Amino acid sequence: THFGYKTINKQEKVGMVAEVFHSVAAKYDIMNDLMSMGIHRLWKRQTIASSGVRKGHKILDLAGGTGDLTSKFSQITGETGQVILGDINDSMLKVGREKLRDQGRVGNIEYVQLNAEALPFPDNSFDIITIAFGLRNVTDKDKALASMFRVLKPGGRLLVLEFSKPDNELLTKVYDFYSFNVLPKIGSVITNDSESYQYLAESIRMHPDQETLKGMMEEVGFEQTSYQNLTGGIVALHRGFKY
Ligand code: SAM
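Count along the sequence shown starting at 1, add 169, and that's the number in the numbering used here.
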């Protein structure tokens with residue numbers, strides 16, 4: 170067992186991820202704000218700032234969920250550009266689509282239900298691909314990264330925003346306590362579902378650390394790879410280019 174979970178196989182993981190996001194979709198945004206104390210907004214802002222987005226760009230916001238990044242991108246890329254919000258989960262897509270319509274973001278956004286491991290787009294399609302807090306949910310991460318590399322245009326860039334490894338011991342201890350004791354409690358109070366948030370803590374702990382993920386990106390062909398630690402490495406923003 171690992172943190173109280175039995176080792177899970179691939180099929181079980183796919184089912185568990187689906188269940189978690191169907192279950193949390195309606196309350197996903199408020200949970201994000203509560204659990205990160207609003208800081209996820211800064212992490213996302215940093216992602217946009219590092220993306221090099223310009224008018225007319227074609228962007229894929231992978232595992233886009235309720236569309237925070239898509240919303241910002243669609244504003245900048247304008248009517249000559251396009252943002253595709255891709256997600257495997259129709260409940261999350263539905264919540265995202267409704268939220269963005271309420272914000273008046275229409276015209277240059279498309280919603281596509283897809284699996285990050287097998288992207289349904291031609292080679293060399295996108296100027297920018299982002300995947301924010303999504304890669305750790307993907308079963309075969311190498312396959313997903315290779316698929317992203319394939320659909321990125323030459324000169325395009327990938328940004329991976331994801332939980333990572335805190336860069337000092339004290340922060341690690343505080344953070345472990347927070348994610349294994351406090352988070353599931355917030356989850357159970359707000360959503361009546363502590364299991365989904367137990368899964369969250371577990372998936373964060375299993376995710377590759379900064380250097381490992383950078384290596385995985387290089388392995389599938391990304392160049393000039395780098396990462397920036399945010400909030401002491403609790404989150405890292407990885408970047409890589411396709412040439
Ligand atoms: N990017 C959004 C954000 O930062 O707020 C949502 C992140 S949410 C934690 C993770 C999303 O990944 C969920 O909407 C989930 O459905 C999606 N997801 C999980 N596995 C996926 C896969 N294999 N392919 C595409 N999306 C996936």
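The C-beta atom is built at its ideal place from N, Cα and C for all residues, glycine as well.
Given the structure is predicted, the values throughout are model-derived calculations rather than measurements.
| Item | Value |
| --- | --- |
| Ala313 to Val307 span [Cα, whole Å] | 8 Å |
| Gly234: CB within 6 Å of a non-hydrogen atom of the ligand SAM | yes |
| Own chain residues within Cβ distance below 7 Å of Lys310, not counting five before or after | Leu304, Met385 |
| Best match in Glu380, Phe190, Phe295, Arg408 for proximity to Ser365 [C-alpha to C-alpha] | Phe190 |
| Sub-7 Å separation of Leu254 and Gly233 beta-carbons | yes |
| Contacting residues, own chain, Cβ-Cβ under 6 Å from Ser260 (five flanking each side not counted) | His191, Ala194 |
| Closest residue to Val264 among Ala287, Leu288, Lys196, Ile228 (Cα-Cα distance) | Lys196 |
| Per-residue DSSP class, three states only, for Pro353 | helix |
| Three-way DSSP call (helix, strand, coil) for Arg408 in this model | strand |
| For His376 and Gly184, the rounded distance between their alpha carbons | 18 Å |
| Inter-residue Cα distance where the pair is Ser243 and Asp202 | 22 Å |
| Assigned secondary structure, Gly401 (DSSP; H/G/I helix, E/B strand, else coil) | helix |
| One or two residues paired with Ala301 in a DSSP bridge | Leu330 |
| Contact check, Gln397 vs Phe410, beta carbons under 7 Å | no |
| 7 Å Cβ shell around Pro323 - same chain, five flanking residues per side excluded | Asn293, Lys411, Tyr412 |
| Glu279 in three-state terms, based on DSSP | strand |
| Secondary structure of Thr394, DSSP reduced to three states | strand |
| Residue environment, Thr170, which counts as buried when at least 16 other CB atoms sit within 10 Å | Low confidence applies to Thr170: its pLDDT is 37, below 50, so where it sits in the model is not reliable, and the reading given next is rough at best. The residue is exposed, with fewer than 16 neighbouring Cβ atoms inside 10 Å. |
| Gln251: first and last residue of the uninterrupted beta strand (DSSP E) it sits in | 251-256 |
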